[in-house]
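Structure record follows, encoded as structure tokens.
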Amino acid sequence: MQAPSPWAPPRLLGALPAQLLGLAAAFALLLVLGWDNDGLWFDPDSARHALSGLYVADLLREGLGDPLGFTLGYFQRYPAITPGAYPPLFYLLEGLGFLLLPAGPGWPRALVLGFVLMLAAYTLAWARRWIAPAAGWAAVLLLLLQGTQVQATAVLLNLPALALGWGALYHLRRRQEGGGRGQVLAFLGLAAASLLTHYAAVLLLPVALALALGGRDRRIGRTVLPMLLAGGLLLLGIHALLPGWLPRFLPSADSLAQALPQTYDALRRLVGLPMLLVAVLGLLLAARDPRWRSEAGRLALLLAVTVVVMLPLPARDLRYMLMVLPLLSLAAVLGPLAWAAAPQRSRLARGLAVLALPAAVLLTQGVQPFNLTRVAGFERVTAHLAQVGPEDTVLYAGGYRSTMTFYLRVGDPGWQRRLIAGEHFLNRTTAVRGFLRITEPVADDAEGLLQYLRSHCGCRWIAVEVRDEGDLTPAERLLRSVLLKPPFEPVARFPIDSPFSPRVDLYRNTEPIVPAAPQPLRFPFFTDRSFPAVPPIRHRDPP
649 MQAPSPWAPP RLLGALPAQL LGLAAAFALL LVLGWDNDGL WFDPDSARHA
699 LSGLYVADLL REGLGDPLGF TLGYFQRYPA ITPGAYPPLF YLLEGLGFLL
749 LPAGPGWPRA LVLGFVLMLA AYTLAWARRW IAPAAGWAAV LLLLLQGTQV
799 QATAVLLNLP ALALGWGALY HLRRRQEGGG RGQVLAFLGL AAASLLTHYA
849 AVLLLPVALA LALGGRDRRI GRTVLPMLLA GGLLLLGIHA LLPGWLPRFL
899 PSADSLAQAL PQTYDALRRL VGLPMLLVAV LGLLLAARDP RWRSEAGRLA
949 LLLAVTVVVM LPLPARDLRY MLMVLPLLSL AAVLGPLAWA AAPQRSRLAR
999 GLAVLALPAA VLLTQGVQPF NLTRVAGFER VTAHLAQVGP EDTVLYAGGY
1049 RSTMTFYLRV GDPGWQRRLI AGEHFLNRTT AVRGFLRITE PVADDAEGLL
1099 QYLRSHCGCR WIAVEVRDEG DLTPAERLLR SVLLKPPFEP VARFPIDSPF
1149 SPRVDLYRNT EPIVPAAPQP LRFPFFTDRS FPAVPPIRHR DPP
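The numbering used here runs 648 ahead of the 1-based position in the sequence shown.
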């Protein structure tokens, strides 16, 4: 009796044009979901990344003669830039774009979306080349995962670093197949670009090493080892320049005790429990099929390494586990392929297997519904300040200080206005413990704070986020009591759309304003060094 012939997927499932059309539809969904989202909702990081791109553009225009002095003066006026806290590549791309494009969140968001397409393109190529042409739908699935959709609507560095790193792994594997020097150069270039986008890209290096060792190709060592060395030198250089940065990422007993539950929770939130189960089932089914056994083992190895390197880190944030998104997408498509490939399966069984992936996506949304976060309304606050105080300083007290600073700079091409961050102005740092800054108010009572404002602020305006009493710091409660009495008067209320605050209240200081001398700059999370008290930056020639 003749054995049944192996199952071949319908031609449409493996057709590249159909998969590209699916990618276009999934990407269009991303655009619709984030259409009215400026991408700055992840405060303070998102707004800092966007503002740092504007800073780079301004630096290229006017600050190359004295970069350090320009940077310190820029921070005195717009205290939300982070040029030393992160690598420069994304900021440089932003800055080059801002030399030609208008200031605003549009260009940073477009950059992130461009890296989303890059990530999907490499996933498509990986799936079609090493699994099957029909597996190219993994790239579409990738864009439908919750973790991808959330990251694609925020101006963050993690997804761009992932796209570059995933591309590097693709070319590393092409090199394992016997690819020439071009594959080596592509791997080294993309891996270096990933490291220059976010320091957390060093987590890519153990994954690359696992991929190289899994291929049992000794030549790969000459490709991967230089990047391992570069990653180590990068960390040593960061520690030398910013001694307080690296120790924050070292494990503690408390963080290790929470490692497994926090890692599982991160995976569940990134892809959803139904999709996580489908991916695990896909690896198990593919491991039984000789055609995909090797690929299933490789994906399982890369997933295991990705999770294991995260376990000792105290910052077990979703953003640092994004490598699982393409890996789980590929693992998930293996399940339907391996199930349907068995000769004894009926057409109905194969059809249900193919429908398992969209069903898992819909089930995830039903079991774990999510709404993309949106923060809006700060443009109205800064536009009002531009009208009533085009050259004034505003003290801002609230959690969205970086978003407020970004829009202040967007509406201030002449570098005339200034923001003072209440979190730092109203408190003094007494200690730094990991990612936590221990502070105490600069004054003991309302009268002491009023005198401190008069002598050190020089603020005509004070903007305060309205929040629940229990969410306020002692310094913010003290500021509230000061604002209830003269010389301050309420002038406007601005509704904002945010998860934590319904509005921003604006107060005016009716006393004559005495300009305050600039204060020395300190960055306790990174270094004990104190930087000179330079004045806020000004244009060499008014625009």
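Backbone N, C-alpha and C define an ideal beta-carbon position, used for all residues, glycine too. Small disclaimer: the values here were computed from a predicted structure and weren't measured.
Sheet register partners of residue i (DSSP bridge)
i       : result
Pro1122 : DSSP lists no partner for Pro1122.
Tyr1192 : Residue numbering for the chain in the displayed model covers 649 to 1191; residue 1192 lies beyond these limits and cannot be assessed.
Phe1179 : Leu1169
Arg1057 : Answer by DSSP bridge pairing: none, since Arg1057 is not bridged.
Asn1075 : Pro1089
Neighbourhood of residue i by C-beta distance below 7 Å, restricted to the same chain and skipping five residues each side
i       : result
Thr801  : Leu681, Gly682, Asn685, Gly687 and Leu1020
Leu1098 : Val1130
Ala666  : Leu660
Ser842  : Ala809, Leu812, Gly813, Ala816, Ala849 and Leu852
Straight-line Cα distance separating residue j from residue i
i       : j       : result
Gly983  : Leu931  : 7 Å
Glu1088 : Arg1125 : 12 Å
Pro922  : Gly830  : 40 Å
Ala663  : Tyr912  : 35 Å
Ser1146 : Leu661  : 42 Å
Ala705  : Tyr818  : 33 Å
Asp937  : Ala986  : 7 Å
Gly752  : Tyr1055 : 8 Å
Ala944  : Glu825  : 17 Å
Leu707  : Phe718  : 7 Å
Ser700  : Leu747  : 13 Å
Arg821  : Pro854  : 15 Å
Thr796  : Leu790  : 7 Å
Gly920  : Leu975  : 14 Å
Leu1074 : Phe1148 : 20 Å
Leu740  : Ala1004 : 42 Å
Thr1051 : Ala988  : 50 Å
Ala1091 : Arg1065 : 26 Å
Pro1150 : Leu716  : 38 Å
Pro1191 : Ile729  : For Pro1191, the predicted model reports a pLDDT of 48, less than 50, meaning its position is unreliable and no value from the coordinates is stated.
Phe1179 : Leu669  : 54 Å
Ala1140 : Gln1035 : 13 Å
Pro781  : Gly827  : 21 Å
Ala775  : Leu767  : 12 Å
Asn1157 : His1032 : 16 Å
Thr845  : Ala839  : 10 Å
Close beta carbons around residue i, own chain, < 8 Å, minus the five adjacent residues each side
i       : result
Leu792  : Ala674, Leu677 and Val1009
Pro1166 : Gln724, Ala1181, Val1182, Pro1183 and Pro1184
Met649  : For Met649, the predicted model reports a pLDDT of 42, less than 50, meaning its position is unreliable and no value from the coordinates is stated.
Run of the alpha helix (DSSP H) containing residue i, from where it starts to where it stops
i       : result
Asp1153 : Looking at the DSSP string, Asp1153 is not in any alpha helix (DSSP H); the run it does join, the beta strand (DSSP E), is Arg1151 to Asn1157.
Thr1027 : With the sequence shown as reference, residue 1027 is identified as Glu, and Thr is not the correct amino acid for it. That run of the alpha helix (DSSP H) goes Phe1026 to Val1036.
Met766  : Gly754 to Trp778
Arg1022 : Unbroken run through Arg1022: none, as it is neither H nor E.
Arg659  : Arg659 to Gly662
Tyr818  : Asn806 to Gln824
Gly930  : Leu921 to Ala935
Val981  : Val972 to Ala989
Gln797  : Gln794 to Ala800
Tyr722  : Pro715 to Arg725
Phe746  : Leu737 to Phe746
Ser1146 : It is not in any alpha helix (DSSP H) - Ser1146 carries neither H nor E in the DSSP assignment.
Arg967  : Unbroken run through Arg967: none, as it is neither H nor E.
Phe690  : It is not in any alpha helix (DSSP H) - Phe690 carries neither H nor E in the DSSP assignment.
Arg1102 : Ala1094 to His1104
First through last residue of the beta strand (DSSP E) which encompasses residue i
i       : result
Ala1140 : Phe1136 to Pro1143
Selected residue, minimal CA-CA separation from residue i, among the options
i       : options                               : result
Val928  : Ala980, Val953 and Arg941             : Ala980
Trp1109 : Trp1063, Leu1067 and Leu843           : Leu1067
Thr1121 : Gly1046, Ala907 and Phe1026           : Gly1046
Val1114 : Arg1102, Leu1101, Phe1142 and His1104 : Phe1142
Phe1026 : Val955, Leu836, Tyr1048 and Leu1005   : Tyr1048
Gly813  : Leu851, Ala780, Gly828 and Gly784     : Leu851
His1072 : Gly1059, Ile1086 and Asp1060          : Ile1086
Pro1221 : Pro715, Asp1040 and Leu810            : Look at the range of the chain in this structure, 649 to 1191, and you will see that residue 1221 is not part of it.
Pro804  : Leu720, Thr1158, Leu951 and Leu966    : Note on identity: in this sequence residue 804 is Leu, with Pro being the wrong assignment. That would be Leu966, whose Cα lies nearest to the Cα of Leu804.
Ala1006 : Asn1157, Ala786, Ala952 and Val798    : Contrary to the premise, residue 1006 reads as Pro rather than Ala in this sequence. Looking at the Cα atoms, Ala786 is the closest of the given residues.
Ala907  : Arg916, Arg939 and Met958             : Met958
Phe738  : Leu961, Arg1076, Ala758 and Leu679    : Ala758
Close Cβ partners of residue i (< 6 Å) along its chain, the five nearest in sequence each way excluded
i       : result
His1187 : Trp1063
Ala651  : Bear in mind that a pLDDT of 48 at Ala651, under 50, signals an unreliable position, so the model cannot answer this.
Ala935  : Arg941 and Ala944
Gly745  : Trp755
Val1029 : Phe1142 and Val1152
Tyr1044 : Met1052, Leu1067, Gly1070 and Ala1111
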